[in-house]
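Quick notes on the structure that follows.
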Amino acid sequence: MKSTDRPEPPAAGPSWGSDAIAGLLRAMDVEFIALTPGASFRGLHDSLVNYLGNARPELLLAVHEESAVAIAHGYARVAGRPMAVALHSNVGLMHATMAIFNAWCDRVPILLLGAVGPVDAVRRRPWVDWIHTARDLGSMIRGYVKWDDLPGSVPAALEAILRARLIATTPPAGPVFVCLDATLQEQPIDEPLEVPPIGRFLAAQPADPPAEALARAAALLGEARRPVMLVGRVSTDVGDWDRRVALAERLGARVFTDLKTGASFPTAHPLHGCPPGLFLSAEAWPAIRDADVILSLDWIDLAGTLRLAGEGALPAATVIQCSVDQYCHNGWSMDHQGLPPADVPLLAPPDRVVARLLQAIPPRPSDLPPLAAGRGTRQDGMPVATGTADAITMTGLAERCVETLADHHPSYIRLPLGWPGEHCRFAHPLDYIGFDGGGGLGSGPGMAVGAGLALRGTGRLPVAILGDGDCLMGVTALWTGVHQRVPLLVVVANNESFLNDELHQERVARTRNRPVENRGIGVRIGDPPIDLAALARAQGAVGIGPVRDEAELAAALKEGIEHVRGGALCLIDVRVAAEYSRATSSAVLRKIPSRR
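Mind the numbering: the sequence shown is residues 1101 to 1696 in my numbering, read in order.
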């Protein structure tokens, strides 16, 4: 079925509560619903299959709830709209919590449909219905969803789901949770039930910032001699991308991006200040310290970035902060980061602000200081890791991947920690999809499958380059990709270690004057090594490797491309040296998130 096809409602009206809920999901144009089966939503499951015919929405079977939510996360990153996920009572929701937290931190919309009960105790089966029923299931995740509800009737459930979708997609976007009583799903519908008219419940359009604040921002930027743009959470719309480039060129602003968000500005543009990474490189710090005006477009951790660049002190520049993120800060999690200075706060979506600034700032002669020499080179003074006889450096992996994939219109869904930013060649919003938001492990395979699903038919080559720890924690998500015929290339940068923790252990050992040679104890994934290619083949995917040298890697990539172009999911296990492609300065290393 084409994504543009919208099946008609069934000829017969809904007979059960879950029929009405399924019909609403179709009316809302929900394309897929990911799930790991569970008895608490057996009514909804039946309605999706036997009332709607498993079409729009179509069931996506995952073998773990964390993978189901990660698939929805990756899909929303590309499609720009939410997928639904069905979660079985408390046990399924507990499995899913890490992936929900990722989506929350990443500000990604997901429609989570939980199930519980029966809420009425006299209807519960012995034992299992009791241990799988919670009085307030939403309390488990209330700190990291935008909204949750437990409706008490079928009409209330329809309204709750409709409201949830509106809240999920209103900036800042995020996951929402509607818990459906098992009894409500299996309730007969004896009288005609009016389904809400979808066209009358539309999400509000983003508002413009106040005219006075916008005028002040435009005046400051128009007069700035050393402006800097920090581009964070922005849209994937090509028109918005072009307007960001136009604004930077009009201002002559130095632009910085990072890898926590998707591609947002062409990395080869002369105004792009330095290669992106998960943290802003030290070579960007002088430009931030010397800036007279800094325009933050919903930059993640603006306060931390400014203090890092100022080596503990805030820069003197006037800061214009464009973000609506504070609407979802609730204090349960510290995902709101430090409190940033905002001399001109603009409580509006950043791309809306960019469009208005372009209208307000006239073109001017290009008499700004030239860019500093050495753009894109290493300036941290740290040693570059070298390969071994049986492993490839991360730089070698990046070079071969970029070189081999360049002519195949790749969409890089994920990149691992330590990926050398000089090999990030982004010229379109879909060239890089982004990170997971929560800084955990295990989301990579699921997000790769979900993004690959959304990229089907676009002509792009979906590529996910994952760390081995991330891949192993969520590897069974690949089965869903194979089952759903998702073309996808997964390249595993396999250093046989939870390397991020090795670096932390090394830093602690050095601080305490203890042996750094012990940094791998309790961290390395070896003895015996895990055959990732065999794990892929066991799930029906193509598995290649282990690959241990660059010549072999180039041939493996070419073979993998052929398989993916033929519609297959292919995993290539690449053994890389147990070092980052370049060591990170101690100031940044202290900020690297722990793996959990």
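Even glycine gets a Cβ: it sits at the ideal position worked out from N, Cα and C.
Nearest candidate by alpha-carbon position, reference residue i, set the options
i     : options                    : result
M1194 : A1234, I1171, L1402        : A1234
L1589 : E1259, H1663, T1611        : H1663
A1641 : A1577, T1269, A1363        : A1577
L1321 : T1418, A1215, K1658, C1524 : T1418
M1434 : D1601, P1366, D1401        : D1401
D1398 : W1519, P1445, N1430        : P1445
C1571 : G1214, N1613, D1673        : D1673
R1637 : H1583, P1218, H1528        : H1583
P1310 : P1255, P1449, V1228, L1408 : P1449
V1592 : L1439, W1519, G1431, T1405 : W1519
R1207 : V1169, V1338, R1333        : R1333
P1275 : A1324, T1336, E1411, G1537 : G1537
Y1512 : G1540, D1490, L1561, G1542 : L1561
A1282 : R1223, G1539, A1460        : R1223
H1508 : G1377, I1661, A1460        : I1661
G1113 : H1173, L1135, E1291, H1429 : E1291
Contact check, residue i vs residue j, beta carbons under 8 Å
i     : j     : result
A1127 : V1295 : yes
G1546 : I1210 : no
A1257 : L1280 : yes
H1232 : S1118 : no
V1424 : P1182 : no
L1447 : R1343 : no
S1253 : L1284 : yes
T1504 : L1657 : yes
P1366 : F1526 : yes
N1600 : D1568 : no
L1380 : A1403 : no
L1125 : A1162 : no
G1645 : L1632 : yes
Y1532 : A1363 : yes
G1667 : R1585 : yes
S1597 : R1624 : yes
D1490 : R1612 : no
Environment of residue i [buried if 16+ CB atoms lie within 10 Å]
i     : result
E1131 : buried
A1485 : The predicted position of A1485 is uncertain, since its pLDDT is 41 and thus under 50; a value taken from the coordinates is nonetheless stated next. Classification for A1485: buried.
G1474 : Confidence in G1474 is poor, its pLDDT being 34 and thus under 50, which makes the residue's placement unreliable; the coordinate value appears in the next sentence. With fewer than 16 Cβ atoms within 10 Å of its Cβ, G1474 is classed as exposed.
D1480 : Legend: pLDDT at D1480 = 36, less than 50; position of this residue unreliable, value from coordinates given subsequently. Exposed is the call here.
A1122 : buried
R1225 : exposed
H1188 : buried
H1305 : According to the sequence shown, residue 1305 is Gln rather than His. So Q1305 counts as exposed.
R1452 : buried
A1677 : buried
G1143 : buried
Y1427 : exposed
L1212 : buried
A1307 : exposed
V1454 : buried
K1102 : With a pLDDT of 43 at K1102, under the threshold of 50, the modelled position of that residue is not reliable, and the figure given next carries that caveat. Result: exposed.
D1051 : Only positions 1101 to 1696 of the chain appear in the structure, and residue 1051 is not among them; the question remains open.
R1456 : buried
L1530 : buried
F1277 : buried
T1580 : buried
Any C-beta of chain C under 8 Å from that of residue i
i     : result
G1539 : Going by chain labels, chain C is absent from the structure shown, which holds only one protein chain.
Start-to-end residues for the alpha helix (DSSP H) that takes in residue i
i     : result
H1509 : Run containing H1509: none; DSSP gives neither H nor E here.
F1535 : Note, F1535: premise wrong, no alpha helix (DSSP H); not H, not E.
A1257 : 1254-1269
Q1459 : 1450-1460
V1563 : Looking at the DSSP string, V1563 is not in any alpha helix (DSSP H); the run it does join, the beta strand (DSSP E), is 1561-1567.
F1379 : No alpha helix (DSSP H) contains F1379, which DSSP labels as neither H nor E.
I1625 : It is not in any alpha helix (DSSP H) - I1625 carries neither H nor E in the DSSP assignment.
V1608 : 1599-1611
C1205 : 1189-1206
Q1285 : 1282-1285
E1166 : 1165-1179
L1144 : 1142-1146
Host beta strand (DSSP E) of residue i (start-end)
i     : result
D1673 : 1669-1675
D1229 : Run containing D1229: none in the beta strand (DSSP E); it sits in the alpha helix (DSSP H), 1228-1231.
F1132 : 1132-1135
R1354 : 1354-1356
Should the stretch 1145-1154 be regarded as contacting the stretch 1193-1207, the criterion being three or more beta carbon pairs within less than 8 Å?
no
Is the stretch 1494-1508 in contact with the stretch 1358-1371, if contact means three or more CB pairs nearer than 8 Å?
no
Whether or not the stretch 1300-1316 and the stretch 1242-1251 are in contact is what I'm after, with contact meaning three or more pairs of Cβ atoms, one per stretch, closer than 8 Å; do they touch?
no
Contact the stretch 1321-1330 vs the stretch 1379-1396: 3+ CB pairs below 8 Å:
yes
Count the CB pairs spanning the stretch 1554-1561 and the stretch 1165-1179 that are closer than 8 Å, and state whether there are at least three.
yes
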